[in-house]
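Student: Here it is, the structure in full.
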Amino acid sequence: MQTLNQRTLLAAIVSTALLGVAGCDVKKTQSGSVTVPKYEVEKTKEGDVTLPKYSVTTPDVKVDGVKKEVLVPKVVMEKETVTVPEVQVTPAKKQ
C-alpha cells in the first residue's frame with residue numbers, strides 16, 4: 010500500500026513531466042508526404058453471407074444480502090512534516 014508521501018512524490022513527478030511537455034517550443038523543420046499505392050481490383054464471384062442463429066438460455070441468478078459481523082480495520086490520520094519536491098520549469102525560447 011502506498012503511503013501519503015509516496016503518492017505525493019508520484020503526483021509531483023507526473024506534474025513535472027506534463028509541464029515539461031507543455032513548456033516545449035515546437036517548430037516544424039521539414040514537411041512530410043505520403044504516397045498511397047494504387048490498386049485495381051476485379052470481382053470474379055458474387056458473395057453470399059448467412060449468419061448462424063443461436064438459441065441461448067441464460068441461468069437464473071438471485072442476489073441477496075446476509076448480515077454478518079466482520080472485523081474492519083480503522084485508519085488513523087496524523088499530521089507529519091515532510092519534504093516534498095518543488096519544481097520550476099522555464100519554457101524553451103522561441104526561435
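First residue of the sequence shown? That's 10 in our numbering, and the numbers climb one at a time after it. Just so you know, even glycine gets a beta-carbon here, dropped at the ideal spot from N, CA and C.
Taking the CB atoms as reference points, tell me whether residue 88 and residue 34 lie closer together than 9 Å.
Tutor: no
Student: Measuring CB to CB, does residue 82 end up less than 9 Å from residue 21?
Tutor: The beta carbons of residue 82 and residue 21 sit no closer together than 9 Å.
Student: Quick check: what's the CA-CA separation for residue 96 versus residue 42?
Tutor: 39 Å
Student: Output needed for residue 59: all residues of its chain with C-beta closer than 7 Å, excluding positions within five of it in sequence on either side, in chain order.
Tutor: none
Student: Per DSSP, what kind of secondary structure is residue 20 in: helix, strand or coil?
Tutor: helix
Student: With residue 14 and residue 91 assumed to form a contact (beta carbons below 8 Å), what rounded beta-carbon distance in angstroms separates them?
Tutor: 5 Å
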